[in-house]
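Using this note's numbering, read the sequence shown as starting at 13 and increasing by one per residue. Every residue gets a Cβ at the ideal spot worked out from N, C-alpha and C, and that includes glycine. Read through the structure below, which is laid out as C-alpha cells, and then see the notes.
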Amino acid sequence: MYEQRFDKRAFDELRPMEAETGIIANANGSARFRIGNTEAIAAVYGPQEVKPKHLEKVDRGLIVCKYDMMPFSVPDRAKPGFDRRDMEISDVITNALNRAVLLEEFPRSMIDVRVYVSQADAGTRCASLTAASMACADAGLPMRDLVAAVAAGKIGDSICLDLTKEEEDFHEGGATDVPIAFLPSKNEIVLLQLDGKVSREDLKKIVEIGKLGAHKIYELEKKALRRRFSNES
Ligand code: UDP
C-alpha cells in the first residue's frame, strides 16, 4: 500500500519545475530543465558537417546525442565514462528527437546534442529529453513539435506521476516505472519504456496520467522559449 506520497504530492502532481533556454553562450541552442531534484542541461551544435563522413545521409540530417551524468549528480558519485546505461539513454533520446526535428531540411549535415545531468533524483532521461528538445528549438531548428517527457508508474496500488528515486526504490522489488515522451500537439508518443510489471489496464492509466503531466511540461517549455525570444527582440 502507498497511500500518501513521501513528498505529500497528489498522485497526479508533478514536482516543481523550472525551464530556461539560451543558457550556454558557445552553443547554437541550449536549455536547462529542472523537475524536483532532477536537472538536465542540454547544448545543441549545428547543423554542421557530418563527422565521421561515412555517417552522412544524402537526403536528411543526422542527430547524434550524448547523455551523461555529472560525477556529483548522485549521492555515490557517478562513475566517469560512457556506460551501457548512458548509451541506452542516448539512443532513446536520439530516437525521440528524430521524430521531432525536421531532418529532411538538413541533408548531409549533423546536429550534435549533448545532455548533462547535474542532479539526479529519477526521471533523468525524461528531463534530458525535455531539455534537449528545448535546446533544438532554441537553436532555431524547424520541428514538428517540442518533446515533453515525464515518467509515470505504479507504486503499490497507486498510479503515480513523476516518481522520485525514493519512490522508485520503495516497493518490494521496485516500483513500476514508465518513462513516456509526447509530441503533445500531434498526440504522438515518441518514447515509451517499461521498468517493472503492469497490467494492460494499468498501463493505459499510466500513459493517461503521463500525458496530462507532459501537457503541463509543454506549457512551461513554450513559456521559456517565448520569454527567450521576446527578450531578444
Ligand atoms: N542513479 C544513480 N546512479 C547511477 C544511475 C542512476 O543514483 O549511476 C539513480 C538516479 O537518481 C536516476 C535513477 O537512479 O535518476 C533512476 O535511473 P534510471 O536508470 O531508471 O533512469 P532515469 O529514471 O534517471 O531516467
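Separation of residue j from residue i, as counted between CA atoms
i: SER121; j: ALA43; result: 22 Å
i: SER6; j: LEU232; result: The structure shown has nothing for residue 6, since the chain only spans 13 to 245.
i: ASP30; j: SER145; result: A small fix is needed here, since residue 30 is Glu in this sequence, not Asp. Whole-angstrom Cα-Cα distance: 15 Å.
i: GLU61; j: ILE105; result: 21 Å
i: CYS148; j: HIS66; result: 24 Å
i: ILE171; j: ILE221; result: 8 Å
i: ALA108; j: PRO196; result: 13 Å
i: LYS69; j: ASN110; result: 14 Å
i: ILE35; j: MET13; result: 42 Å
i: LYS166; j: VAL210; result: 8 Å
i: ASP157; j: ALA236; result: 15 Å
i: GLY93; j: PHE84; result: 14 Å
i: ASP19; j: GLY186; result: 18 Å
i: ASP214; j: ALA226; result: 18 Å
i: GLU184; j: LYS63; result: 46 Å
i: ALA90; j: ARG212; result: 35 Å
i: MET155; j: THR176; result: 30 Å
i: ILE201; j: ASP95; result: 26 Å
i: ALA52; j: LYS234; result: 17 Å
i: PRO28; j: ARG21; result: 10 Å
Selection from the options that minimises the alpha carbon distance to residue i
i: LEU153; options: ARG137, ILE167, ALA164 and ASP124; result: ASP124
i: THR50; options: ASN107, ARG239 and GLU178; result: GLU178
i: GLU117; options: ILE192, ARG240, ASP214 and LEU74; result: LEU74
i: ASP88; options: PRO28, ALA132, VAL56 and LYS69; result: ALA132
i: ALA54; options: ALA143, SER85, ALA112 and ARG72; result: ALA143
i: LYS78; options: GLU200, SER85, ARG97 and LEU115; result: ARG97
i: PRO119; options: PHE18, LYS198, THR176 and GLY58; result: GLY58
i: GLN16; options: PHE182, ARG238, ILE201 and LEU224; result: PHE182
i: ASN199; options: ARG212, ASP103, VAL219 and ARG238; result: VAL219
i: TYR230; options: ASP19, ARG21 and ILE47; result: ILE47
i: LEU224; options: LYS63, ASP174, ARG137 and LEU115; result: ASP174
i: SER102; options: THR33, ARG21, ILE201 and VAL76; result: VAL76
Contact check, residue i vs residue j, beta carbons under 7 Å
i: TYR141; j: ALA161; result: Rather than Tyr, the amino acid found at residue 141 in this sequence is Leu. Against a cut-off of 7 Å, the Cβ pair of ALA161 and LEU141 comes out as a contact.
i: LEU26; j: LYS216; result: no
i: ALA134; j: GLU100; result: no
i: ALA193; j: LEU203; result: yes
i: ASN40; j: ALA151; result: yes
i: MET81; j: VAL127; result: no
i: ALA139; j: PHE23; result: no
i: VAL56; j: ALA112; result: no
i: ARG137; j: PRO191; result: yes
i: ARG72; j: LEU115; result: yes
Presumed contact (8 Å Cβ cut-off) between residue i and residue j, rounded CB distance
i: GLY208; j: ASP189; result: 6 Å
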